[in-house]
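Here the structure is laid out as structure tokens; the discussion comes afterwards.
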Amino acid sequence: MLRIAIQTKGRLNEESVELLKEAGITVNEDKRKFLAKSADFPIEVLFLRDDDIPQTVAMGAADIGIVGYNEVKERGFDVEILKKLSFGACRISLAVPKNVDYNSLSYFNGKRIATSYPNILKEFFKEKGINGEIHTIAGSVEIAPAAGLADAIFDIVSSGSTLVSNGLKEVEKVLYSEAVLIGNRGLSADKKALVEKLLFRFESVQMGRGKKYILMNLPDSAVDEAIGILPALRSPTIMPLAQKGWCSMHSVVNENELWDKIDKLKEIGAEGILILNVEKIVA
Ligand code: ATP
Ligand code: MG
């Protein structure tokens, strides 16, 4: 039995639960319980605050966990990063009041900077030779300059709108983060095998994301050109149609290239183009 720690509520909860679900692991999400068993995979889910996930995994109270890379880095516990999960993207940046005439990092010498990520900032300042005064505060970091508590902040940014609405501007992007799957370093062989199984499922889910299944009718004479437009996992599937001189071609495309490919396929004579969703790709 494997134990995975995920965030109870907050920005990573929904997508963590969704990823598990798409990997065939459903948990009875009874919010009053902090531990839930899965009916379909030998795993139990431990719901925690994200702050506690790196330590819980490092200590082995959970075998693996889903948490923002920023938390892993800030807490400094020795855990293995098993996989980047492509959600929860953000960055941690230095920001100053918008009227400040900012030129370089040396601006921060002797300044008070409010943050919930003192360790990451300490390391960054040390590396750059900056002598700033780091003030650790737990929440609402972005209001610190207006409240006169700090000259600048070091905080999570995703769209930047929170900064703007607090009269701040982002001046240095220090750390890029996304949700990661972390693991305890001393897992037994049995648990490692379960983790491998899970990783394989996560990869299949990720590979299917943003992909569309496309099928169309094509004159035989256009097949070579169509293969050039639509490379597939190995190569596209081609089947003859009852009508002589025509075939049906099936392939998988990235959603962001879809319309461009469709235009090209129509130009070479493709007809009856169907686009379907891809749920998973088991490569
Ligand atoms: P908890 O109650 O579990 O301690 P929290 O308030 O510390 O939650 P959330 O705001 O839910 O944390 O954010 C969790 C993680 O989501 C962050 O550590 C970060 O990795 C990621 N994230 C992505 N975008 C953002 C954003 N715009 N603001 C904050 N966190 C973000
Ligand atoms: Mg937290």
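Residue numbers (the working numbering): 1 to 283. Ideal Cβ placement from N, Cα and C applies to all residues, glycine included.
Proximity of residue i and residue j at Cβ, strictly below 8 angstroms
{"i": "L105", "j": "K128", "result": "yes"}
{"i": "A179", "j": "F87", "result": "yes"}
{"i": "Y57", "j": "G68", "result": "Here residue 57 is Val; the residue named in the question, Tyr, does not match the sequence. In this structure, G68 does not lie closer than 8 angstroms to V57 by Cβ."}
{"i": "L265", "j": "M216", "result": "yes"}
{"i": "L2", "j": "L194", "result": "yes"}
{"i": "N131", "j": "A146", "result": "no"}
{"i": "L20", "j": "V27", "result": "yes"}
{"i": "M239", "j": "L218", "result": "no"}
{"i": "F41", "j": "I25", "result": "yes"}
{"i": "R112", "j": "D155", "result": "no"}
{"i": "V79", "j": "N13", "result": "no"}
{"i": "F34", "j": "Q55", "result": "no"}
{"i": "L163", "j": "E196", "result": "no"}
{"i": "N70", "j": "S140", "result": "no"}
{"i": "K261", "j": "I229", "result": "yes"}
Which residues DSSP lists as bridging residue i, in chain order
{"i": "T115", "result": "T136, F154"}
{"i": "P97", "result": "L168"}
{"i": "F47", "result": "I6"}
{"i": "N277", "result": "K212"}
{"i": "V57", "result": "Beta-bridge pairing links V57 to no other residue."}
{"i": "I66", "result": "L181"}
{"i": "I25", "result": "Answer is none; I25 lacks a bridge partner."}
{"i": "A36", "result": "V45"}
{"i": "R91", "result": "V157, Y176"}
{"i": "E123", "result": "Answer is none; E123 lacks a bridge partner."}
{"i": "I81", "result": "I182"}
{"i": "E142", "result": "The partner list for E142 (beta bridge, DSSP) is empty, contrary to what the question assumes."}
{"i": "E271", "result": "N217"}
Pick from the options that is closest to residue i, judged by C-alpha positions
{"i": "I81", "options": "I182, A189, A147", "result": "I182"}
{"i": "S116", "options": "P97, D101, A138", "result": "A138"}
{"i": "P118", "options": "N99, E74, N184, L46", "result": "E74"}
{"i": "I134", "options": "G65, G76, A114", "result": "A114"}
{"i": "E279", "options": "E14, V17, T8, A23", "result": "A23"}
{"i": "Q206", "options": "K9, L215, S16", "result": "S16"}
{"i": "V174", "options": "S158, R112, E196, S165", "result": "S158"}
{"i": "S285", "options": "I281, N256, G269", "result": "The question about residue 285 has no answer here: the residues shown for the chain are numbered 1 through 283."}
{"i": "A5", "options": "D63, K111, F41", "result": "D63"}
{"i": "D220", "options": "F125, E196, C247", "result": "C247"}
{"i": "N256", "options": "G269, E271, Y213", "result": "Y213"}
{"i": "G296", "options": "I275, A95, G110, L198", "result": "Residue 296 falls outside the range modelled here, since the chain spans only 1 to 283, and no answer is possible."}
{"i": "G210", "options": "N277, A270, A144", "result": "N277"}
{"i": "L149", "options": "P97, F124, L198", "result": "P97"}
{"i": "I275", "options": "D263, A283, V252, I268", "result": "V252"}
{"i": "L241", "options": "G272, K37, I268, E267", "result": "G272"}
{"i": "N254", "options": "G269, G208, T136, Q243", "result": "G208"}
{"i": "K9", "options": "I43, D51, N109", "result": "D51"}
{"i": "L198", "options": "I43, K244, Y102", "result": "I43"}
What are the start and end residues of each continuous alpha helix (DSSP H) run of 4 or more residues lying completely inside the region 229 to 268, in chain order? Within the region 229 to 268, the complete alpha helix (DSSP H) runs of at least 4 residues are 258 to 267.
Can you check the region 148 to 234 for any beta strand (DSSP E) of at least 3 residues that lies completely inside it and give the ranges in chain order? 152 to 157, 168 to 177, 179 to 183, 211 to 219
Does the structure place the region 182 to 198 close enough to the region 218 to 229 that three or more beta carbon pairs sit under 8 angstroms? no
Counting beta carbon pairs with one atom in the region 170 to 182 and one in the region 87 to 95, are three or more of them shorter than 8 angstroms? When C-beta atoms of the region 87 to 95 are compared with those of the region 170 to 182, three or more pairs fall below 8 angstroms, so the two segments count as touching.
Cβ contact (3+ pairs, closer than 8 angstroms) linking the region 38 to 55 and the region 229 to 238: Two segments are said to touch when three or more pairs of C-beta atoms, one from each, lie closer than 8 angstroms; by this definition the region 38 to 55 does not touch the region 229 to 238.
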